[in-house]
Every structure is written in structure tokens, then in C-alpha cells.
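Residue numbers (the working numbering), protein chains in the order written: chain Z, 18 to 155; chain U, 18 to 155.
Step one of this worksheet: look at the structure below.
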DNA sequence: CATTAAATGCACTTCCGTTGCATTCTTTAT
DNA sequence: ATAAAGAATGCAACGGAAGTGCATTTAATG
């Protein structure tokens, strides 16, 4: 049994062929993945299957959902110790307006905000849009 | 000529009856407005007209577009001196998960973030989700 | 009043997310 | 090993919201 299969099983996900392929695909990408990206990479697979695979990954906590403001849901593998489901890993996301790629800046946590009286924060989403290091030429 | 008509004309917007009504509607609301909200309020009007009115307001800079993460575009009147089009008024937005309303916290600017080398910020969006003061009972 | 430009109304399209249900595959118990 | 049960997959279709093209109406201008 491979590392990936273990990872899936440890999180209560049956390690089917499709799921392993999708996990590998996401692992080798350093950017957030949209459903369409996976569709393009696995043309033989059904959109629904890919869709539900992402949902399963998210529900089981090995992937987190990213809203980068483009209107297209993206996903990224959670890093070791990511507690995104507990709202304890509120790192920010960077969306490049040039190449349209979105990356997790996991080292950059969202700063604490003092809200007005009566407001109770439960979650936060911070997206910086601009030019990524690749497009800016470092 | 009313204040609203002046306001519209000063921003290069022809003050038609519809536009004045929509402006008034937005002015009396203290929360961000979705297209559907305006549809519900003006059932006699065409969706497209309302849609394009919001677009016009946004283009002319008297309204700013809000992405609160719900997937539904919302809009709010710019306050005096709002420079949202210049990315100088990056206040944060609060979305209530209970009543589904979104408000501008104009006094709460998005803190400056030090990005990794090579990343160039052009815009930022910070949305805090939680319970608003009305739903929390102050 | 005639001409021109802008605003509006209507119909339609696209995109993405989502669901229902039948079918296939995998696991588990006998 | 095989049958039964449960989960995953494939297929078809729906739904909401944003957006566009074009004809028509309304408002501004000379």
C-alpha cells in the first residue's frame, strides 16, 4: 500500500484508482486546483465523479476549499497539521491577475481584527490579488 | 434638482427615474445589496435594467462591488471620499452567517501584508464571516 | 421638431455548481 | 467462493446567477 493509499484510508476515504490519481495530480501541483483543471487532466473521467471526489476530500479534511474571488471554486491539499476545518489555519491566498493561478501562502496567517461590539467572528477569508513571483520575473 | 440627481450628474450618470429610485433604495439600506434584492423591491422593472444600473454605478464610482464569499455579487454606496477604484479604501466586509447580510466595516482597513519576494499586491479582499451585532443581540 | 445618443425591455446564452437515479464496483458476511 | 449490502461511478438533467445582442423607447441636443 502506497503512502497515498494510507493517507486516504487514514482519513476514511476509500482509495479507489480515480481518487489516487486525483490526489497525485493535486500533490504535484503547487497551485490551487479548480474542477475544470482536473477535467482537463482526466478527460476520460466523468465531471461528476471528479466533483464528488473533491467534495469527499474536502469533507474528510485532506483538502481545503479556496474562494479566490474569481467565482471559481478551487482546492488545495492541506499541509501537515492544517486545521482549516477548525478555522485555525486561516492563511491567506494570492491570486495572480496575470496567469490566473492561486496559491496558498501558508506562512502568512490572517491578522487578528478587532471587530465592533456585538460582532462575532467565525471565519475569515483574505485574498490578495496581484502579480505572482513567476509573472513578475522574481 | 435633488441631491441625488446632482450626485448622479456629478458622476456622469444620467439621472433617470429608475436610477434615482435604485439610488434611494441603496441609500436607505445600511447593508450591501444584491441584484436579487433590487429585483424583489422593484418587481415591475426588468432584471437587465437593474443589472446594468448597478454596473453603471460601479463604473462611475458611486458604488463598490463586494464579494462576500457567498457567490452572489453585492454592492454598496461609496461613502464620502471612498477611493475604492484606486485600491485606497480597502475596508473589510462582514458577512453574517445567520441573517445572510453583508456590511461594510469602513473604519476597519485591511492591514498591510508583507508578501514573499516577487509578489506584487494590487488589490485585497478580506471578508469576516460570523454573527452580526443584530443577530448576536448586541 | 428632427436627429442622435443613451436607457430600457425582451429573449437568450453561458458557466459553474449541484442533484437524482441507474449501474458498476468493492467490501463483508455467510 | 458467493451472495448481499454499501459505496463509488456514469449519465442526464436542473438551477441560479452573470452576461450579451438587438429592437424599442426615452431623453437630450441643435
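We treat Cβ as the ideally placed atom computed from N, Cα and C, and that holds for glycine.
Review point. For residue 155 (chain U), does the count of other Cβ atoms within 10 angstroms reach 16, so buried, or fall short, so exposed?
Key: Stepping through the second chain from its first residue, residue 155 (chain U) is reached at position 138. Residue 155 (chain U) is exposed by the Cβ-count criterion.
Review point. Just reading off the beta strand (DSSP E) that residue 124 (chain Z) is part of, what are its end residues?
Key: For the purposes of this step, residue 124 (chain Z) is taken as the residue at position 107 of the first chain. Annotation for residue 124 (chain Z): the continuous beta strand (DSSP E) segment containing it runs 119-126.
Check your understanding: Who are the Cβ neighbours of residue 120 (chain Z) in its own chain at under 6 Å, not counting the five residues just before and after it?
Key -> For the purposes of this step, residue 120 (chain Z) is identified with residue 103 of the first chain, where counting begins at 1. Taken in chain order, the residues that qualify are 48, 111.
Point to revise | Under 8 Å between C-beta atoms of residue 65 (chain Z) and residue 96 (chain Z) | key: Here residue 65 (chain Z) corresponds to residue number 48 of the first chain, with the count starting at 1. Here residue 96 (chain Z) corresponds to residue number 79 of the first chain, with the count starting at 1. Not closer than 8 Å, so no.
Check your understanding: From which residue to which residue does the alpha helix (DSSP H) around residue 76 (chain Z) run?
Key -> Position 59 of the first chain, counted from the first residue, corresponds to residue 76 (chain Z). Residues 64-76.
Check your understanding: Cβ of residue 144 (chain U) less than 8 Å from any chain Z Cβ?
Key -> As a first step, residue 144 (chain U) is located in the second chain; it is residue number 127 there, counting from the start. The beta carbon of residue 144 (chain U) falls within 8 Å of a beta carbon belonging to chain Z, placing the residue at that interface.
Point to revise | Close-in-space but distant-in-sequence residues of the same chain around residue 75 (chain Z) (CB under 8 Å, 5 per side omitted) | key: Within the first chain, numbered from 1, the residue matching residue 75 (chain Z) stands at position 58. Closer than 8 Å at the Cβ level, and outside the excluded window around residue 75 (chain Z), lie 81, 82, 92.
Point to revise | the region 21-29 of chain U in contact with the region 138-145 of chain U per 3-pair CB rule at 8 Å | key: Contact between the region 21-29 of chain U and the region 138-145 of chain U is not established, with fewer than three Cβ pairs separated by less than 8 Å.
Review point. Within 10 angstroms of its Cβ, does residue 70 (chain U) collect 16 or more other Cβ (buried), or is it exposed?
Key: By 1-based counting over the second chain, the position of residue 70 (chain U) is 53. By the Cβ-count criterion, residue 70 (chain U) is buried, with 16 or more other Cβ atoms from all chains shown falling within 10 Å of its own Cβ.
Review point. Apart from the five residues on each side of it in sequence, which residues of its chain come closer than 6 Å, Cβ to Cβ, to residue 115 (chain U)?
Key: Position 98 of the second chain holds residue 115 (chain U). Closer than 6 Å at the Cβ level, and outside the excluded window around residue 115 (chain U), lie 148, 152.
**Study point:** Cβ-Cβ distance between residue 94 (chain Z) and residue 43 (chain Z) below 8 Å
**Key:** Within the first chain, numbered from 1, the residue matching residue 94 (chain Z) stands at position 77. Within the first chain, numbered from 1, the residue matching residue 43 (chain Z) stands at position 26. Yes.
**Study point:** Test: residue 68 (chain Z) CB closer than 8 Å to a CB of chain U
**Key:** Here residue 68 (chain Z) corresponds to residue number 51 of the first chain, with the count starting at 1. With 8 Å as the cut-off, residue 68 (chain Z) does not count as an interface residue toward chain U.
Point to revise | Buried versus exposed, by CB contacts within 10 Å (16 or more), residue 125 (chain U) | key: Here residue 125 (chain U) refers to the residue found at position 108 of the second chain. Per the 10 Å Cβ criterion, buried.
Exercise for review: Pull up the DSSP beta-bridge partners for residue 92 (chain U), would you.
Suggested key: Position 75 of the second chain, counted from the start, is the residue given in the question as residue 92 (chain U). Answer is U:50, U:82, bridged to residue 92 (chain U).
Practice item. Could you tell me which of U:40, U:58, U:61 sits nearest to residue 72 (chain U), measuring between CA atoms? Key: One-based indexing of the second chain puts residue 72 (chain U) at position 55. Nearest of U:40, U:58, U:61 to residue 72 (chain U), Cα basis: U:40.
Exercise for review: Let me know if residue 85 (chain U) comes out buried or exposed under the rule of 16 or more other beta-carbons within 10 Å of its beta-carbon.
Suggested key: Start at 1 with the first residue of the second chain, and residue 85 (chain U) comes out as number 68. Classification of residue 85 (chain U): buried, given that the 10 Å Cβ count is 16 or more.
Review point. What are the start and end residues of the alpha helix (DSSP H) that includes residue 42 (chain Z)?
Key: Residue numbering aside, residue 42 (chain Z) sits at position 25 when the first chain is read from its first letter. In the DSSP assignment, residue 42 (chain Z) falls within the unbroken alpha helix (DSSP H) covering 34-45.
Review point. Can you name the residues that DSSP bridges to residue 147 (chain U)?
Key: Translated into positions along the second chain, residue 147 (chain U) becomes position 130. According to DSSP, residue 147 (chain U) bridges with Z:138, U:113.
Review point. Apart from the five residues on each side of it in sequence, which residues of its chain come closer than 7 Å, Cβ to Cβ, to residue 132 (chain U)?
Key: Your numbering for residue 132 (chain U) matches position 115 in the second chain. Closer than 7 Å at Cβ, skipping near neighbours: 138.
Exercise for review: Answer with yes or no whether the minimum CB distance from residue 147 (chain Z) to chain U is below 8 Å.
Suggested key: Stepping through the first chain from its first residue, residue 147 (chain Z) is reached at position 130. Residue-level contact by beta carbon holds for residue 147 (chain Z) and chain U, with a gap shorter than 8 Å.
Review point. In the DSSP assignment, what residue or residues form a beta bridge with residue 108 (chain Z)?
Key: Translated into positions along the first chain, residue 108 (chain Z) becomes position 91. Residue pairing for residue 108 (chain Z): DSSP places it in a beta bridge opposite Z:126.
**Study point:** Local conformation of residue 131 (chain U) per DSSP, three classes
**Key:** Here residue 131 (chain U) refers to the residue found at position 114 of the second chain. In this structure, DSSP gives residue 131 (chain U) a state outside helix and strand, which the three-state scheme calls coil.
Review point. Using a beta-carbon distance cut-off of less than 9 Å, what residues from the region 124-142 of chain U approach chain Z?
Key: Result list: 124, 125, 127, 128, 130, 131, 132, 133, 134, 135, 136, 137, 138, 139, 140, 141, 142.
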